[in-house]
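**Student:** Those sequence lines, one after another, are chains Z and X. By my numbering, the letter at position 134 of the first sequence is numbered 498, and the numbering carries on one by one without gaps. By my numbering, the letter at position 108 of the second sequence is numbered 111, and the numbering carries on one by one without gaps. Here's a structure for you.
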Amino acid sequence: MKIKAKGVTNQTTIQNLITYAIVILFWVFIQIWSMAGQMTSLLNGLLVPICTYVILAVSLNLTVGILGELSLGHAGFMCVGAFSGAFFTKAMASVIPSVGLRFAIALLVGAAVAALFGFLIGIPVLRLKGDYLAIVTLAFGEIIKNLINVLYVGKDSRGLHLSIKDVASLNLEPEGEVIIKGAQGITGTPKASTFTVGILLVLLALFIILNLVNSRTGRAIMAIRDNRIAAESVGINITKYKLLAFTISASIAGVAGVLYSHNLSSLAATPKNFGYNMSIMILVFVVLGGIGNIRGSIIAAVILTALPELLRSLNNYRMLIYAIVLIVMMLFNSAPKAIAMRERLMERIKGGKGKGAA
Amino acid sequence: MSFLSYFINGISLGSIYAIIALGYTMVYGIAKMLNFAHGDIIMVGAFTTFTVVSTHSGNPLVGILAAVLVCTVLGVTIERVAYRPLRGASPLAVLITAIGVSYLLQNVALLLFGSNSKQFTSVVNIPALKLAEGQLSISGVTMVTIASCIIIMIVLTTFINKTKMGQAMLAVSEDKGAATLMGIDVNRTIAVTFAIGSALAAIAGVLLCSAYPSLTPYTGSMPGIKAFVAAVFGGIGSIPGAMIGGIILGVIENLSKAYISSQLSDAIVFSVLIIVLLVRPTGILGKTIHEKV
Numbered sequence: 365m366k367i368k369a370k371g372v373t374n375q376t377t378i379q380n381l382i383t384y385a386i387v388i389l390f391w392v393f394i395q396i397w398s399m400a401g402q403m404t405s406l407l408n409g410l411l412v413p414i415c416t417y418v419i420l421a422v423s424l425n426l427t428v429g430i431l432g433e434l435s436l437g438h439a440g441f442m443c444v445g446a447f448s449g450a451f452f453t454k455a456m457a458s459v460i461p462s463v464g465l466r467f468a469i470a471l472l473v474g475a476a477v478a479a480l481f482g483f484l485i486g487i488p489v490l491r492l493k494g495d496y497l498a499i500v501t502l503a504f505g506e507i508i509k510n511l512i513n514v515l516y517v518g519k520d521s522r523g524l525h526l527s528i529k530d531v532a533s534l535n536l537e538p539e540g541e542v543i544i545k546g547a548q549g550i551t552g553t554p555k556a557s558t559f560t561v562g563i564l565l566v567l568l569a570l571f572i573i574l575n576l577v578n579s580r581t582g583r584a585i586m587a588i589r590d591n592r593i594a595a596e597s598v599g600i601n602i603t604k605y606k607l608l609a610f611t612i613s614a615s616i617a618g619v620a621g622v623l624y625s626h627n628l629s630s631l632a633a634t635p636k637n638f639g640y641n642m643s644i645m646i647l648v649f650v651v652l653g654g655i656g657n658i659r660g661s662i663i664a665a666v667i668l669t670a671l672p673e674l675l676r677s678l679n680n681y682r683m684l685i686y687a688i689v690l691i692v693m694m695l696f697n698s699a700p701k702a703i704a705m706r707e708r709l710m711e712r713i714k715g716g717k718g719k720g721a722a
Numbered sequence: 004m005s006f007l008s009y010f011i012n013g014i015s016l017g018s019i020y021a022i023i024a025l026g027y028t029m030v031y032g033i034a035k036m037l038n039f040a041h042g043d044i045i046m047v048g049a050f051t052t053f054t055v056v057s058t059h060s061g062n063p064l065v066g067i068l069a070a071v072l073v074c075t076v077l078g079v080t081i082e083r084v085a086y087r088p089l090r091g092a093s094p095l096a097v098l099i100t101a102i103g104v105s106y107l108l109q110n111v112a113l114l115l116f117g118s119n120s121k122q123f124t125s126v127v128n129i130p131a132l133k134l135a136e137g138q139l140s141i142s143g144v145t146m147v148t149i150a151s152c153i154i155i156m157i158v159l160t161t162f163i164n165k166t167k168m169g170q171a172m173l174a175v176s177e178d179k180g181a182a183t184l185m186g187i188d189v190n191r192t193i194a195v196t197f198a199i200g201s202a203l204a205a206i207a208g209v210l211l212c213s214a215y216p217s218l219t220p221y222t223g224s225m226p227g228i229k230a231f232v233a234a235v236f237g238g239i240g241s242i243p244g245a246m247i248g249g250i251i252l253g254v255i256e257n258l259s260k261a262y263i264s265s266q267l268s269d270a271i272v273f274s275v276l277i278i279v280l281l282v283r284p285t286g287i288l289g290k291t292i293h294e295k296v
């Protein structure tokens, strides 16, 4: 038994190492590609978003795949991380002059604030089940986006000023600076995100999640997913582990948000970047990559982010093609008849080979 | 007096949400799936009426009939092509397919009509009703919307309780396997549900665009989500629940727009939903299902 258990551990370690290797190879490939002068500006602009989406997909997979709860509000946590990170970078500009150091601390700030939100939202949300949980996470995501759109924060010598009305009601001193300007958001964040930083963060997110999954905690979380009542009856604290997974997932999404915000000179919460459409897009990465399969999420996020951009020459037809590809993939992957047909086909191929060998 | 006028407009908006939510809730009750493309059927209905009325300069009634017809056929086709093969697959797979269908409808509309917003001419030309010496004015669209909602509710309840098809729907929503054993054609019942839901969405689309006349390929998505919230609010799967949920949601949205903040109205609507679900985790009229080991 002991030998077998060791074999299993080795196998997961190898699988995890393959996942890390894929990410590192991707980085090396892009470095060589750009040294060879083959990178177009279009592809170059895609690199940081790809890292952002990979981190988001991996973190959502923790909630959807490992914890087994459908969340439609992941973009909300990204939004919280993006704004708190960019706010920190802007507000601390005079205190910490080094952009790199500020960005590094901003990543921690974004992760911490998103974790706090994940924890606070998780307490009520995780009491619900299935579709009800999904709709409440969607609601929280929309509320976050809405609140940020009416938030005004300014800074002067007396400290920070907050308002949810307009700039005038901040009562700033003349030399004060408005940092978050309602629907216009934050402008002038230094562009500190690079592809290398993005890849390092992807590796960090992978390290956290893969280690979590293969730990005692991770097994407890998966036990809750597979059978809540059975898990409870063997003494697993359901609320604690659910909240833990949800908070970690939110926190990693917050890091992705900081990465996202430091890639743009102006950051505003629009339905397009932080609305439920974004949450759904991340969910699509997770489902197409395979629920619970971390490596699948990475590959799906990269392909599906790059696909619409690479199809840009097709203009208006590209999103149409994207939609059709999505439907056909789902039908092919999940329809019971398609699965049966695939299995029969595989059997025939295998059977044919067997006969040939005999 | 202004409160009353906001309140009545809220009921009117709520009636539109209720009509959309009926489609959501019926499909959920029977097929156990969240049909994310439902909101986009609204948009297709509105565009059909828009095209018919503007190109044939015709009777708005013809436009509405055309919209109902197109949406019914579309709903049944979507069910047949995209959802039926996935019966028995995981609910998430069906959800993602529905999202794919939603993208598809939006992008087809984008190719056909472009992204610029179209000015929708109201299909209702009844003069506004003036009450209390002209202090309270209720527009024709508002009255027609509320009236249509009441009529739809009565017809639908009668249909479900009195006809064989309606009873079959109830049976399928209760237990698919047992319904099959009783000789009910489950596939046909689900197809009929989609047909009814889509026809209702077409009517809702025409009413929505008559009240708020700007029409784009994305017109349907936010009302769709709100109606989904309304359906959950009332207890998803319950028809009176969808009605109550829709109307409460519309009233809250309009009143908070008028008295608190128009930017925060969505946040307020969603907060109310969260509070309701925390107190009653299956919505106002939802059934509590006890988990058995």
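Backbone N, C-alpha and C define an ideal beta-carbon position, used for all residues, glycine too. The structure displayed is predicted, hence computed values, not measured ones.
Just mark Z:Lys519 as buried or exposed, buried being the case when its beta carbon has 16 or more other beta carbons within 10 Å.
**Tutor:** Buried: at least 16 other Cβ atoms inside 10 Å.
**Student:** Residues in the segment 482-495 of chain Z with C-beta within 9 angstroms of chain X's C-beta atoms, listed in sequence order?
**Tutor:** Per Cβ criterion, the list reads Pro488, Val489, Arg491, Leu492, Lys493, Gly494, Asp495.
**Student:** Is there a Cβ from chain Z that is less than 8 angstroms from the Cβ of X:Thr285?
**Tutor:** So, interface residue.
**Student:** Can you name, in chain order, every residue of its own chain whose Cβ lies under 6 angstroms from the Cβ of Z:Asn374, other than the five neighbours on each side?
**Tutor:** Same-chain partners within the cutoff: there are none.
**Student:** Identify whether X:Ser140 lies in helix, strand or coil by the three-state DSSP scheme.
**Tutor:** Strand, per DSSP.
**Student:** Which residues share a DSSP beta bridge with Z:Glu506?
**Tutor:** According to DSSP, which records beta bridges pairwise, Z:Glu506 is partnered with nothing at all.
**Student:** Near X:Ala101, what residues of its chain come up, given a Cβ to Cβ distance below 6 angstroms and the 5 sequence neighbours on each side ignored?
**Tutor:** So the qualifying residues of the chain are Asn38, Phe39, Ala40.
**Student:** Given Z:Leu406, which residues of its chain have a CB within under 7 angstroms of its CB, disregarding the five upstream and five downstream residues?
**Tutor:** Closer than 7 angstroms at the Cβ level, and outside the excluded window around Z:Leu406, lie Glu673.
**Student:** Could one say the Cβ of X:Ser259 lies closer than 8 angstroms to chain Z's Cβ atoms, at least one of them?
**Tutor:** With 8 angstroms as the cut-off, X:Ser259 does not count as an interface residue toward chain Z.
**Student:** Is the segment 185-202 of chain X touching the segment 159-173 of chain X, taking contact as three or more C-beta pairs under 8 angstroms?
**Tutor:** The segment 185-202 of chain X is in contact with the segment 159-173 of chain X.
**Student:** What residues in the segment 240-270 of chain X have a beta carbon less than 8 angstroms from any beta carbon of chain Z?
**Tutor:** Here the close residues are Ser264, Gln266, Leu267, Asp269, Ala270.
**Student:** Anyone know if the C-beta pair for Z:Tyr686 and Z:Leu671 falls short of 8 angstroms?
**Tutor:** A contact, by the Cβ cut-off of 8 angstroms.
**Student:** Give the residues from the segment 696-708 of chain Z that approach chain X closer than 9 angstroms (Cβ to any Cβ), ordered along the chain.
**Tutor:** Flagged, chain order: Asn697, Ser698, Ala699, Pro700, Lys701, Ala702, Ile703.
**Student:** Taking CB distances under 8 angstroms as the criterion, tell me whether Z:Glu506 reaches chain X.
**Tutor:** With 8 angstroms as the cut-off, Z:Glu506 counts as an interface residue toward chain X.
**Student:** Which first and last residues belong to the beta strand (DSSP E) in which Z:Ile543 is found?
**Tutor:** That run of the beta strand (DSSP E) goes 541-545.
**Student:** Over the uninterrupted alpha helix (DSSP H) stretch that includes X:Ser57, give me the two end residues.
**Tutor:** Segment 41-58, the alpha helix (DSSP H) holding X:Ser57.
**Student:** Whose C-beta lies closer than 7 angstroms to the C-beta of Z:Phe467 among residues of the same chain, with five residues either side of it excluded?
**Tutor:** Contacts found: Thr453, Ala556, His626.
**Student:** Run the CB neighbour count on Z:Lys719, radius 10 Å, all protein chains shown included, and call it buried at 16 or more, exposed below.
**Tutor:** Residue placement at Z:Lys719 is flagged as unreliable, the pLDDT there being 48, under the threshold of 50; the coordinate-derived value follows with that caveat. Exposed: under 16 other Cβ atoms inside 10 Å.
**Student:** Could you compute how far the alpha carbon of Z:Ile655 sits from the alpha carbon of Z:Ser661?
**Tutor:** Distance between the alpha carbons of Z:Ile655 and Z:Ser661: 8 angstroms.
**Student:** Could you tell me the boundaries of the beta strand (DSSP E) in which Z:Gly523 lies?
**Tutor:** Looking at the DSSP string, the run of the beta strand (DSSP E) that includes Z:Gly523 is 523-527.
**Student:** Where does Z:Leu431 sit, in a helix, a strand or coil, going by DSSP?
**Tutor:** Reduced to three states, the DSSP call for Z:Leu431 is coil.
**Student:** Would DSSP call Z:Gly720 helix, strand or coil?
**Tutor:** The predicted model places Z:Gly720 with a pLDDT of 45, which falls under 50 and marks its position as unreliable; any figure quoted below should be read in that light. In this structure, Z:Gly720 counts as helix in the three-state DSSP scheme.
**Student:** Roughly how many angstroms separate the alpha carbons of Z:Ala479 and X:Ser265, rounded to a whole number?
**Tutor:** About 30 angstroms.
**Student:** With 16 as the cutoff for other CB atoms within 10 Å, does Z:Ser677 come out buried or exposed?
**Tutor:** Classification of Z:Ser677: exposed, given that the 10 Å Cβ count is below 16.
**Student:** Go ahead and pull the three-state DSSP assignment for Z:Ser630.
**Tutor:** Three-state result, Z:Ser630: strand.
**Student:** Cα separation between Z:Gly432 and X:Asp178?
**Tutor:** Using only the alpha carbons, I get a separation of about 25 angstroms.
**Student:** Please list, in chain order, the residues of the segment 673-687 of chain Z that have any C-beta partner in chain X closer than 8 angstroms.
**Tutor:** Answer set for the segment 673-687 of chain Z: Asn680, Tyr681, Met683, Leu684, Tyr686, Ala687.
**Student:** Bridge partners of X:Ser217, per DSSP?
**Tutor:** Looking at the DSSP assignment, X:Ser217 forms a beta bridge with X:Gln122.
**Student:** Roughly how many angstroms separate the alpha carbons of Z:Leu567 and Z:Ile386, rounded to a whole number?
**Tutor:** The straight-line gap from Cα to Cα measures roughly 10 angstroms.
**Student:** For X:Ile81 and Z:Val459, what's the separation of their Cα atoms in angstroms?
**Tutor:** For X:Ile81 and Z:Val459, the distance between alpha carbons rounds to 58 angstroms.
**Student:** Take the Cβ of X:Met46 as the centre, count every other Cβ of all protein chains shown within 10 Å, and call the residue buried at 16 or more, exposed below.
**Tutor:** With 16 or more other Cβ atoms within 10 Å, it is buried.
**Student:** Going by C-alpha to C-alpha distance, which of X:Ile193, X:Ser105, X:Thr148 sits closest to X:Asn12?
**Tutor:** Measuring from the Cα of X:Asn12, the nearest candidate turns out to be X:Thr148.
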